[in-house]
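Have a look at the structure below, then the notes.
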Amino acid sequence: MVLRVASIVPPIKVESWLRGQPLTSFQPGKVYIIQFWAAWCGACVAAISNLIQLQETYKDSGLEIIGIAACERTPTPDEGRTRLDAWLTETFPNLNYRIALDDTGEMKTLWMDATVSFRIPTCFVIDREGYVAFIGDPARLGDVLPTVLQGIRRTSDDATLADAELSHEKPLVVDLDGSLLLTNLRYESFLNVLHLGFPASFAAVRALANGKAAAENDLAEASELDYATLPYNARVMELIQAAKERGTKVYLATAANAKHTKAIADHFGIFDGWFASDANTSLSGSLKAETLTAAFGKNGFDYIGNTPADLPVWEIANKAYVVGHSNSVKRRLVALKSNHVALDHSNATSAAWFKALRVHQFVKNLLIFVPSATSHQFTLAKIIADVIAFLAFCVCASAVYILNDLLDLKSDRAHPRKRARPFASGLLELRTGLLIVPALLILSLMLSTTISLEFVGVLAGYFVLTSAYSLYLKRKMIVDVVVLAMLYATRVLAGGVAAEIQLSQWLFMFSMFIFTSLALIKRYVELSTRLDRGLPDRSDRDYRGGDADIVVTLAAASGLNAITIFALYVASPDVQMLYRHPKALWLICPILLYWIGRALMMANRRLMHDDPIVFALTDRISAIAIASIVAVVILAI
1 MVLRVASIVP
11 PIKVESWLRG
21 QPLTSFQPGK
31 VYIIQFWAAW
41 CGACVAAISN
51 LIQLQETYKD
61 SGLEIIGIAA
71 CERTPTPDEG
81 RTRLDAWLTE
91 TFPNLNYRIA
101 LDDTGEMKTL
111 WMDATVSFRI
121 PTCFVIDREG
131 YVAFIGDPAR
141 LGDVLPTVLQ
151 GIRRTSDDAT
161 LADAELSHEK
171 PLVVDLDGSL
181 LLTNLRYESF
191 LNVLHLGFPA
201 SFAAVRALAN
211 GKAAAENDLA
221 EASELDYATL
231 PYNARVMELI
241 QAAKERGTKV
251 YLATAANAKH
261 TKAIADHFGI
271 FDGWFASDAN
281 TSLSGSLKAE
291 TLTAAFGKNG
301 FDYIGNTPAD
311 LPVWEIANKA
321 YVVGHSNSVK
331 RRLVALKSNH
341 VALDHSNATS
351 AAWFKALRVH
361 QFVKNLLIFV
371 PSATSHQFTL
381 AKIIADVIAF
391 LAFCVCASAV
401 YILNDLLDLK
411 SDRAHPRKRA
421 RPFASGLLEL
431 RTGLLIVPAL
441 LILSLMLSTT
451 ISLEFVGVLA
461 GYFVLTSAYS
471 LYLKRKMIVD
481 VVVLAMLYAT
491 RVLAGGVAAE
501 IQLSQWLFMF
511 SMFIFTSLAL
521 IKRYVELSTR
531 LDRGLPDRSD
541 RDYRGGDADI
551 VVTLAAASGL
561 NAITIFALYV
571 ASPDVQMLYR
581 HPKALWLICP
591 ILLYWIGRAL
601 MMANRRLMHD
611 DPIVFALTDR
621 ISAIAIASIV
631 AVVILAI
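In terms of the UniProt record's numbering, the sequence shown has 609 at position 609, counting the first letter as 1, and numbering is strictly consecutive.
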């Protein structure tokens, strides 16, 4: 039997009551609102807040509201009751009406399945005589409820109109960039093409001169994105899934290129169609509004967007969803459309920027102070020069880290830990990253020019080498390790240049071998992690899973060579000129042997962070080892 307006109300069949006294039947003379909802439904949350106000307003007029939690996504009824009770306590502590869980599915069968069309949230209004007076969106209760309370039950004509309204569920249209996606496919394509190498990079730059639509089409065709690992907005995905569950058609409509749009639609397999840009047109703003009006009619669809370019679309949509934190967009939408919903998501925080800038990696640049410390030359001028050099390297390194993150998006998203990086996860915008890189480089150059032109040359060499590493050299077996060690040694060299100190050959040799050992440990951790997870060899790296044993052997050999060089230094005549008690320095050798050996053991036991520098900073034993070395040096002086 079809349940419609003017039908006799079905019975109440509920066993699990979470709020209020159980109800087994409807009492004549009262008006009831039966709301079907789910905790995962964003629109339901707003509806519940409205129902709380209605219950308070009309409690003396014989109104009773009953919320039926239907379609909860829990493995068992008991878990569903527990989760729902906790959610209600946290979200609606002031709830003033009955709540029940339809854990048997009887209410869904008797009420929801019996209607002409079903969607969540849906409300049934029951008049004082026990007939259905309204079926529909809770947002309309403000108009419907007063007439029902006054005893005006809907006629058969009203029922016919209501059935027609229910049977024409408006489709949901979703934008991609910044809405369903927490990233922008235009920048994704550009950065991906740059990452693919020089020929593709040249084509990417050349494409920019062909006009926006043509350029984006060329970039899309040249790019190789992994659509499964792109960062998607979980809140928007919930809305899409809820719409599909209630039988609503869902479409993509985006200014992104058709290649990307089709690939994403195919990946999910839930979209009923899509509208996208091609080589000749960019589907945004007024053109998108015209296209959707032609397809669905004015006010014939709901739309999810996020930018001012979506305002023309929101204007002709039935319901507007705005994603993001732009207050200016929200204000303009409020003035344009009363029927709208804000869908906020996590925005960029200072913690995200600290992570993107790799502030914790700044400790590596303390190597700049090593030449002054080992030569015991602590004048004010040298300290100031070292501090400025430290800041210049920190700023330059941050620019390189961000550039590396932007070019490594695809591989980072496939990594178990790196996929949480701010740019890979969509927490920070790619456009912002592209703007901040040159700004940081300019600041670094300004700082370096206050020291000397020679230091500018060293910093420029560091930038070129680290950029070459990010763009190409890190893909080459062993070459990547040698370059990493050189980058560490360059910091020591820069410290000597900044403070105008002749760099000790012992220090330079020790630096090369100890940092080569750490770089090899880093590679070993990455290889062993992939082996443990059963992941295939990375296509953008020249290492194989079977190389792990050789890599860790080379790491041990390089670390032991560093200790040997330090021992030769202690035995050399050079040490006699700098220390009053040089023999005390022999105590550093067993400390270094213990620390390197332990680092290798921790890596083999899968207890090492994939960056040994981070491990050294956060590991208690490493801190004790470093403090012990400092104490020995002070004793020797």
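Just so you know, even glycine gets a beta-carbon here, dropped at the ideal spot from N, CA and C.
- If you look at Y462, you'll find it in the alpha helix (DSSP H) that goes L453 to L471.
- Counted as a single uninterrupted DSSP element, the stretch harbouring N184 is not any alpha helix (DSSP H), since DSSP gives it neither H nor E.
- Under the three-state reduction of DSSP, V5 is assigned to coil, being neither helix nor strand.
- Relative to the Cα of D272, the nearest Cα in the group W111, A243 and N280 belongs to A243.
- Judged by beta-carbon spacing, I451 lies within the 8 Å limit of A498, meaning their Cβ atoms are closer than that value.
- In the DSSP annotation of this structure, N257 is not part of any alpha helix (DSSP H); the continuous beta strand (DSSP E) holding it starts and ends at V250 to N257.
- Between the alpha carbons of R606 and H415 lies a gap of roughly 16 Å.
- Residue environment: Q35 is assigned as buried (16 or more neighbouring CB atoms within 10 Å of its CB, all protein chains considered).
- For V359, no beta strand (DSSP E) run applies, since DSSP gives it neither H nor E.
- Take L441, set aside five residues on each side of it, and the residues of its chain with a beta-carbon closer than 7 Å to its own are C396 and A399, in chain order.
- Between the C-alpha atoms of G433 and L191 there is a straight-line separation of about 11 Å.
- Less than 8 Å divides the Cβ of L180 from the Cβ of V174.
- Proximity to A276 across T291, E290, A255 and D266 peaks at A255, based on C-alpha coordinates.
- Short of 8 Å from the beta carbon of I521, and not among the five residues preceding or following it, lie these beta carbons of its own chain, in chain order: V552, A555, A599, L600, A603, M608 and P612.
- Counting other Cβ atoms within 10 Å of its Cβ, M577 stays below 16 and is therefore classed as exposed.
- Per the C-alpha coordinates, the member of M477, L225, F510 and G495 positioned closest to G457 is G495.
- Between A6 and Y131, the C-beta gap is smaller than 8 Å, which places the two residues in contact.
- Looking at the DSSP output, S277 sits in a beta bridge with N257.
- Looking at the backbone, the Cα of S572 and that of L507 are separated by about 13 Å.
- Taking a contact as a CB-CB distance under 8 Å, the pair N404 and S470 counts as one, their CB atoms being some 4 Å apart.
- In this structure, L406 keeps its C-beta atom at 8 Å or more from the C-beta atom of L443.
- One thing to note: K410 has its Cβ within 8 Å of the Cβ of D226.
- Under the three-state reduction of DSSP, G105 is assigned to coil, being neither helix nor strand.
- In this structure A69 is in contact with W37, their Cβ atoms being roughly 6 Å apart against a cut-off of 8 Å.
- Between F301 and P171 a beta carbon distance of about 5 Å is seen, short of the 8 Å cut, so the two are scored as contacting.
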